[in-house]
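Residue numbers (the numbering used here): 29 to 806.
All residues carry an ideal CB built from backbone N, CA and C; glycine is no exception.
Here you go:
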């Protein structure tokens, strides 16, 4: 009995054991709590470091912004009302009855004269800051006849702000225009706060009252109709975190929001939010921040937005995809009108403004124009030229401001004529899948004014203007004849050359036997006629006499740096070039023998407007001005009398132009290159699969060129010959001296001592009318 008692625990011992176990549990619990607290503190410290490092460092990678050349207005400048108003539309200017602020214009008609009252926005150019200013302009007869300040004083020059045409974007695809808080329109900031976070100025990153209010609203609705996140929490989610929906992520968001509020002021947090908020998508690029959102949806800067535009931007904050105004206009209108009612309820607008704004349309740009990269083929050229001087990472992240030579006016015309003419040719010829590459440059400066790499000018894909290498056909012939004209003692425009058949045997036994397009032999012909009528046999014979090496040297001197096959066929265009390369060598012809590398960039500035690099004009006289003038004149004859004569069905007869057609074997490639005294344009037309098109240079590419040139306000080639060049009448059959009104007489430019000494007997052509040269000269 006593042993059994001794084995049992006493009540006091059991009580002590229970107390000991509870104490041990509490000790372990405190230990676990301490460990948890320590880990939580370390996590908070880590999050604190993350918050401060990014917020105080470089917040964003800002893409390089690319601008077109500004529209320069001055008295006497060629400009039509239609073209000018299209430029204003592209810049986001709004027509009004009375001008009251930047970005507006008013117009009135008086007879055949149109008067404009314009308020420019101002712009930081590479050389100076142009202030926003009000000015007046008068257009009459296709020219600016008056340009003056609002006080009536004459303006020598007025530069409109350049159109932003694209950018070079970070790999993650985010794009934004940074704006300071003080530059944010007050109505936008106030509306954002009353709609998204009415307690923003009072909470510390997390608002319990907003969470409870949202929970109650969602409970009553039976679904999620309202969020409880503050603007600070939204910023944390967008700026630091992913969109993952989990309790851990929400907790992390709340902690980081509080840490943001601890370290930074409300103004700093709000400024970051307005630059970070996601507002839509433009292709592969995300549109972030209200400044870029205003450009994306309205093509206007923030400070020009009206009430309903402000409301629409704030409405989109709730969900840029769900409230995409191009896809869901009615849904967006409902949300916008809700924002407007909140604005009225909070006293930001009155009832009259509320009713007016609710009646207003969404006012967004057409969905065909909302891409922020307007001219992808040209932007690709800019990018390639920039990569010679800058690291790609800097181009994608440092916010460089790049000013280019692109003329939006010419670019839009080129895109339109390409699209229309390709469609027309496919319908008439029964062909399909025609493609186009085209380049337009200024003559002299060598600036690229327009460029398309596809029949759809806005297609961002294979760039045929830069990358489609095709045989250039007869486009090479002017360089063969220029080689001859540089030998002034041997050749002049009327020198007789042979157009008899040519046979060249290669070492491998292959024979090269070029034939003329008309399959005829023309015997002895003057040099100018061989070019004007594009005789293959005469050109081949001339080139062989000159030597292939001499023709190679001419192509090199003109600016071509690519491969040139070492075969006689290059004399007729077997050499392959891109339209851009053709434009380079033809510019040397257009610029009177002066070589100038083509360029698309004028200046590069930092994000703050400090100059980094100016792409200056470089020039080198590669050919004599005399031979170059003779070459230009012969190419004028190509358009007056030869393979390009159809252009004057569209162009004024008094406009002196020069050019050359080109067709490759089996009609695979249709080319035309030509120029005025002001503009050069090169057009290639063909198929990507290199199949036949049934188009020659004159039946295909020439029409696109003529369509464009017929619409450009351009100047003709100079008529006065340089140096020791003078004109004389020569007989077109024998090359001997002749006289005006004689049968077969032709007016040709000759250098001193070049002309023949023998005269052809003159037979008066009594039926002849004044020549085109007489009409042009007079």
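Item to complete: Report the rounded CA-to-CA distance for residue 99 versus residue 486, giving the unit in angstroms.
Response: For residue 99 and residue 486, the distance between alpha carbons rounds to 22 Å.
Worksheet entry | Proximity winner among 685, 706 and 724, relative to residue 692 (alpha-carbon distances) | Closest by C-alpha distance to residue 692, out of 685, 706 and 724, is 724.
Practice prompt. In angstroms with no decimal places, state the Cα-to-Cα distance between residue 259 and residue 282.
Written response: 11 Å
Discussion item. If I measure Cβ to Cβ from residue 816 and keep anything under 6 Å in the same chain, skipping five residues before and after, which residues do I get?
Written reply: Past the edges of the chain, shown from 29 to 806, lies residue 816, and the structure says nothing about it.
Fill in: Start and end residues, alpha helix (DSSP H) containing residue 411
404-414
Worksheet item: Taking all protein chains shown into account, do 16 or more other C-beta atoms lie within 10 angstroms of the C-beta of residue 31, making it buried, or fewer, making it exposed?
Response: Confidence at residue 31 is low in this model, with a pLDDT of 49, below 50, so its placement is unreliable and no value can be given for it.
Worksheet entry | Reduced DSSP secondary structure (H/G/I, E/B, other) of residue 484 | coil
Worksheet item: Considering only residues of the same chain and omitting the five flanking positions on each side of residue 750, which have a CB-CB separation below 8 Å?
Response: 620, 653, 654 and 657
Worksheet item: Is it the case that the Cβ atoms of residue 508 and residue 570 are separated by a distance below 9 Å?
Response: Yes, the Cβ-Cβ distance between residue 508 and residue 570 is below 9 Å.
Worksheet item: Going by the CB atoms, is the gap between residue 614 and residue 503 shorter than 9 Å?
Response: yes
Worksheet entry | Same chain, Cβ closer than 6 Å to residue 637, five either side skipped, listed in chain order | 152
Worksheet item: Can you give, in chain order, each stretch of the alpha helix (DSSP H) that sits fully within the stretch 72-134 and has at least 4 residues?
Response: If one requires a minimum length of 4 residues, the alpha helix (DSSP H) runs lying completely within the stretch 72-134 are 109-118, in chain order.
Worksheet item: With DSSP run on the structure shown, which of helix, strand or coil describes residue 344?
Response: helix
Worksheet item: Are the Cβ atoms of residue 699 and residue 685 separated by less than 9 Å?
Response: Their beta carbons are not under 9 Å apart, which means residue 699 does not touch residue 685 by this criterion.
Discussion item. Which residue marks the beginning of the beta strand (DSSP E) containing residue 526, and which one marks its end?
Written reply: Note, residue 526: beta strand (DSSP E), 524-526.
Worksheet item: On the three-pair Cβ rule with 8 Å, is the stretch 658-667 touching the stretch 557-566?
Response: yes
Worksheet item: residue 92 and residue 555: beta carbons closer than 9 Å?
Response: no
Discussion item. With distance defined between alpha-carbon atoms, name the residue in 410, 203, 595 and 372 nearest to residue 307.
Written reply: With distances taken between Cα atoms, residue 307 lies closest to 203.
Worksheet item: Looking only at DSSP bridge pairs, what is residue 787 linked to?
Response: Beta bridge pairing from DSSP links residue 787 with 765.
Worksheet item: If you follow the alpha helix (DSSP H) that residue 509 is part of, which residue opens it and which one closes it?
Response: 505-513
Discussion item. Between which two residues does the alpha helix (DSSP H) holding residue 189 run?
Written reply: Note, residue 189: premise wrong, no alpha helix (DSSP H); not H, not E.
Worksheet item: At what residue ranges does the stretch 154-180 contain a whole run of the alpha helix (DSSP H), taking only runs of 4 or more?
Response: none
Item to complete: Rank 564, 434 and 268 by C-alpha distance to the C-alpha of residue 468 and give the top, closest one.
Response: Out of 564, 434 and 268, the CA that lies nearest to the CA of residue 468 is found in 434.
Worksheet item: Could you check where the alpha helix (DSSP H) with residue 733 kicks off and where it finishes?
Response: 729-739
Practice prompt. Report buried or exposed for residue 647, applying the criterion of at least 16 other Cβ atoms within 10 angstroms of its Cβ.
Written response: exposed
Fill in: Unbroken beta strand (DSSP E) run spanning residue 143, endpoints
141-147
Worksheet item: Can you tell me whether DSSP reads residue 792 as helix, strand or coil?
Response: strand
Worksheet item: When burial is assigned at 16 or more other CB atoms within 10 Å of the CB, is residue 735 buried or exposed?
Response: buried
Worksheet item: Rounded to a whole number of angstroms, what is the C-alpha to C-alpha distance between residue 596 and residue 574?
Response: 12 Å
Worksheet item: Does any CB atom of chain C fall closer than 9 Å to the CB of residue 479?
Response: Among the chains in the structure shown there is no chain C, since it carries only a single protein chain.
Discussion item. Helix, strand or coil, according to DSSP, for residue 758 in the structure here?
Written reply: strand
Worksheet item: How should residue 293 be labelled, buried or exposed, when 16 other C-beta atoms within 10 angstroms of its C-beta is the threshold for buried?
Response: exposed
Practice prompt. Could you pull out every residue in the same chain whose Cβ sits closer than 8 Å to the Cβ of residue 449, ignoring the five residues on either side in sequence?
Written response: 731, 732 and 735
Fill in: Per-residue DSSP class, three states only, for residue 217
Reduced to three states, the DSSP call for residue 217 is helix.
Worksheet entry | Span separating the alpha-carbon of residue 786 from that of residue 438 | 49 Å
Worksheet entry | Where residue 548 falls: helix, strand or coil (DSSP) | coil
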